[in-house]
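In my numbering, the protein residues as written are 3 to 195. Glycine included, C-beta positions come from ideal geometry on N, C-alpha and C. All remarks here apply to the structure that follows.
This is the structure we're talking about:
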């Protein structure tokens with residue numbers, strides 16, 4: 003089946019497929035995330051249009067001429083955000099999300115941040131399997147407020163995962179930076195050399 007898969011940037015005429023995939027894939031959250039955060043549809047057409055206007059660039063995997071998985075990347079200056087990663091329910095367990103994540107992460111030298119629901123353990127586990135690390139609560143709140151436009155209740159019920167590049171980002175306070183190889187905190191002396 004993989005030989006027939008096409009990983010490609012989404013185009014304007016993919017809008018309805020993106021909308022359908024997001025809302026189909028998001029059914030997994032129903033009953034898991036707080037009830038006050040669940041909507042049906044999970045993402046409305048105007049909300050999706052707003053995300054695209056806010057420069058979320060969607061990529062997808064097409065199988066036999068049909069878009070089956072989507073994931074967005076959003077440039078936020080010093081970092082990129084991975085946004086709206088969804089696979090059609092009947093296409094789970096084919097490695098589509100992994101392929102998209104690997105592709106999008108490889109498109110940038112910037113640190114990557116990913117926000118998801120704290121209670122969506124499968125999503126957290128998926129990102130951890132790919133080397134992303136949960137941020138501590140204080141840092142999570144800081145980055146959610148800086149890079150995302152979400153209500154306070156969603157900040158409370160979300161987590162943020164970061165790739166290894168994040169932990170060496172020059173803009174982070176020195177006390178928060180760590181060496182990627184050793185995991186040791188950086189000091190003024192080690193940061194300089």
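- The continuous stretches of alpha helix (DSSP H) do not include residue 83, which lies in the beta strand (DSSP E) extending over residues 82-89.
- Boundaries of the alpha helix (DSSP H) harbouring residue 104: 98-108, taken from the DSSP string.
- Annotated three-state conformation of residue 64 is strand, per DSSP.
- No Cβ-Cβ contact shorter than 8 Å links residue 24 with residue 94.
- Residue 162 sits close to residue 117, with the two beta carbons spaced by under 8 Å.
- Where residue 19 is concerned, the enclosing alpha helix (DSSP H) starts and stops at 17-27.
- When 10, 34, 83, 168 are compared, the shortest CA-CA separation from residue 119 is found for 34.
- For residue 125, there is no enclosing beta strand (DSSP E); the residue is part of the alpha helix (DSSP H) that begins and ends at 123-131.
- Closest by C-alpha distance to residue 60, out of 28, 10, 114, is 10.
- Contact between residue 164 and residue 126 does not hold, since the beta-carbon distance rounds to 13 Å and is not under 8 Å.
- If you draw a straight line from the Cα of residue 68 to the Cα of residue 16, it is about 10 Å long.
- Bounds of the alpha helix (DSSP H) holding residue 48 are 47-55.
- Within the model, the alpha-carbon separation for residue 79 versus residue 57 is close to 12 Å.
- Excluding sequence positions up to five before and after residue 73, its CB lies within less than 8 Å of the CB of 60, 61, 62, 84, 85, 86, 87, 88, 99, 102, 103, 106, all in the same chain and listed in chain order.
- In this model, residue 157 and residue 31 are separated by some 16 Å (Cα to Cα).
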